[in-house]
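Trainee: Numbering (the numbering used here), first residue to last: 15 to 336. All residues carry an ideal CB built from backbone N, CA and C; glycine is no exception. It should be emphasised that the depicted structure is a prediction, and the values quoted were computed from it without experimental measurement.
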Ligand code: SF4
């Protein structure tokens, strides 16, 4: 199966340059592994707005209901500079499929930058998104965004990678594919889209079947919109269970008793978000390979991204998953 090569905007301090405030670089086993399968566009927003390396730390403060980016040591408000840079940089971005940011950074953190009260004595009052990351999420609501720490969690990583590689493939079709390519794409990703959103999949199928008197460009634009909606959030547990049980049903008579109990056990652990979708899916996939089900074997749900990325080196972490 051909897997497209995604393009990812990445915080430059992750495996690319020692550009952190303290002159360090952050190591990430996952980013190193992903380098073989994706193209990175590294960026350091703090370097880009003229802060040197090393530099005094900056932080986000809450002031009058708004958030501002502030450097205590120089008493400099950097909010406008960072917002201007973010706007211009993101406006110029084309052909991207994902973002991987540095956790906890006041510029790049996706959800967990510290939020301070304003003033020299200001305490931490919560968590928020870094200014650059927040601007990226607003401008590209469809593109998967994660930070390097959350990506050490198998469940989150699997979800991120499924979306990333699917969108990278769609981008190629959007750029130069025809109607036939859209139909092939839809057939190949049918089960994947079903577990994310059956409703949106049905709309996509209707659009492709009817074409509604639209020109190809318009069909692609509408299809992309539906694809974005489908990929919002995590795969639905119930849809996943239904889809995989339907597939497993085809050869249940051929399984051993042990195999018949292993799958529900895996689904239960997946429901509790202890393991990623790829674990129960791979159980079904190994049966497909044994019993030879050609049509299903080509479905992307069984082979969504390079296998090496499923188990990169690095510790697994637990996060509270909403
Ligand atoms: S977290 Fe972002 S702003 Fe900070 S050093 Fe890394 S790339 Fe630069």
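Please determine if the stretch 149–158 and the stretch 102–110 are in contact, where contact requires at least 3 C-beta pairs separated by less than 8 Å.
Mentor: Counting Cβ pairs under 8 Å, three or more are found: they touch.
Trainee: Note down the Cα distance separating residue 49 from residue 317, rounded to an integer number of angstroms.
Mentor: Here residue 49 is taken as the residue at index 35 of the chain shown, counted from 1. Here residue 317 is taken as the residue at index 303 of the chain shown, counted from 1. Between residue 49 and residue 317, the C-alpha separation is close to 19 Å.
Trainee: Give the C-beta separation of residue 240 and residue 258 to the nearest angstrom, bearing in mind that I take them to be a contact with Cβ-Cβ under 8 Å.
Mentor: Position 226 of the chain shown, counted from the first residue, corresponds to residue 240. Position 244 of the chain shown, counted from the first residue, corresponds to residue 258. About 23 Å separates the two Cβ atoms, so there is no contact after all.
Trainee: Might you give, ordered along the chain, the residues of its own chain that have their beta carbon closer than 6 Å to the beta carbon of residue 231, omitting 5 neighbours on each side?
Mentor: Numbered from 1 along the chain shown, position 217 holds the residue referred to as residue 231. So no residue of the chain qualifies.
Trainee: Excluding the 5 residues preceding and the 5 following residue 293 in the sequence, name in chain order all residues of the same chain whose CB lies nearer than 6 Å to its CB.
Mentor: To locate residue 293, count along the chain shown from 1; it is residue 279. Answer for residue 293: 280, listed in chain order.
Trainee: By DSSP's criteria, residue 127 is part of a beta bridge. Which residues make up the other side?
Mentor: As a position in the chain shown, residue 127 is number 113, starting the count at 1. Residue 127 pairs with 142.
Trainee: Drop a sphere of 10 angstroms on the beta-carbon of residue 123, count the other beta-carbons inside from all chains shown, and report buried for 16 or more, exposed for fewer.
Mentor: Here the question's residue 123 lines up with position 109 in the chain shown. It counts as buried.
Trainee: Restricting to runs no shorter than 4 residues, where is the alpha helix (DSSP H) found entirely within the stretch 188–233?
Mentor: Qualifying alpha helix (DSSP H) stretches, in chain order: 193–202, 204–210 and 212–224.
Trainee: State buried or exposed for residue 295, treating a residue as buried only when at least 16 other CB atoms are found within 10 Å of its CB.
Mentor: Taking the chain shown and counting its residues from 1, one reaches residue 295 at position 281. Residue 295 should be labelled buried.
Trainee: According to DSSP, is residue 73 helix, strand or coil?
Mentor: Taking the chain shown and counting its residues from 1, the one referred to as residue 73 is at position 59. Here residue 73 sits in strand by DSSP.
Trainee: Return the bridge partner residues of residue 90 from the DSSP annotation.
Mentor: What you label residue 90 is simply residue 76 of the chain shown in a count that begins at 1. In the DSSP output, where bridge partners are listed per residue, residue 90 has 85.
Trainee: Just the Cα atoms here: how many angstroms apart are residue 229 and residue 111?
Mentor: Sequence index remark: in the chain shown, residue 229 carries index 215 (1-based). Sequence index remark: in the chain shown, residue 111 carries index 97 (1-based). For residue 229 and residue 111, the distance between alpha carbons rounds to 25 Å.
Trainee: Which term fits residue 248, buried or exposed, when burial requires 16 or more other beta carbons within 10 angstroms of its beta carbon?
Mentor: Taking the first residue of the chain shown as 1, we reach residue 248 at position 234. Residue 248 should be labelled buried.
Trainee: What does DSSP give as the partner residues of residue 112 in its beta bridges?
Mentor: The sequence position of residue 112 within the chain shown is 98, counting from 1. Paired residue(s): 22.
Trainee: Provide the residue span of the beta strand (DSSP E) that contains residue 318, from first to last.
Mentor: By one-based count along the chain shown, residue 318 stands at place 304. Taken as a continuous stretch (DSSP letters only), residue 318 belongs to no beta strand (DSSP E), as it is neither H nor E.
Trainee: Taking 8 Å as the threshold (C-beta atoms), are residue 182 and residue 46 in contact?
Mentor: Translated into positions along the chain shown, residue 46 becomes position 32. Translated into positions along the chain shown, residue 182 becomes position 168. No; because the gap between Cβ atoms is not below 8 Å, this pair is not in contact.
Trainee: Take the Cβ of residue 218 as the centre, count every other Cβ of all protein chains shown within 10 Å, and call the residue buried at 16 or more, exposed below.
Mentor: In the chain shown, counting from the first residue as 1, residue 218 sits at position 204. Per the 10 Å Cβ criterion, buried.
Trainee: Count the C-beta pairs between the stretch 56–74 and the stretch 28–37 that are closer than 8 Å, then say yes if the count reaches three, no if not.
Mentor: The stretch 56–74 is in contact with the stretch 28–37.
Trainee: Does the stretch 128–138 touch the stretch 65–79, meaning 3 or more C-beta pairs lie closer than 8 Å?
Mentor: A contact exists between the stretch 65–79 and the stretch 128–138.
Trainee: The ligand SF4 and residue 60: does the residue's C-beta get closer than 7 Å to at least one heavy atom of that ligand?
Mentor: Looking up residue 60 in the chain shown gives position 46. It does: the Cβ of residue 60 is within 7 Å (strictly closer) of some heavy atom of the ligand SF4.
Trainee: Only counting the same chain, and skipping five residues up and downstream in sequence, which positions put a Cβ closer than 6 Å to that of residue 174?
Mentor: The count along the chain shown starts at 1 and reaches residue 174 at position 160. The answer, listed in chain order, is 158 and 160.
Trainee: Using the C-alpha atoms, what's the distance from residue 278 back to residue 146?
Mentor: To locate residue 146, count along the chain shown from 1; it is residue 132. To locate residue 278, count along the chain shown from 1; it is residue 264. So the two alpha carbons sit approximately 42 Å from each other.
Trainee: For the beta strand (DSSP E) containing residue 55, list its first residue and its last residue.
Mentor: Mapped onto the chain shown, residue 55 falls at position 41. Start and end: 53–57.
Trainee: Report the residue ranges of all alpha helix (DSSP H) runs contained in full by the stretch 252–309; include only those spanning at least 4 residues, in chain order.
Mentor: Fully enclosed alpha helix (DSSP H) runs of 4 or longer: 271–285 and 292–305.
Trainee: Within the present structure, is the beta-carbon of residue 116 separated from the nearest heavy atom of the ligand SF4 by less than 7 Å?
Mentor: Along the chain shown, one-based indexing puts residue 116 at 102. True, at least one ligand heavy atom lies under 7 Å from that Cβ.
Trainee: Identify the continuous beta strand (DSSP E) that holds residue 135 and give its terminal residues.
Mentor: Numbered from its first residue, the chain shown carries residue 135 at position 121. Where residue 135 is concerned, there is no enclosing beta strand (DSSP E), given that its DSSP letter is neither H nor E.
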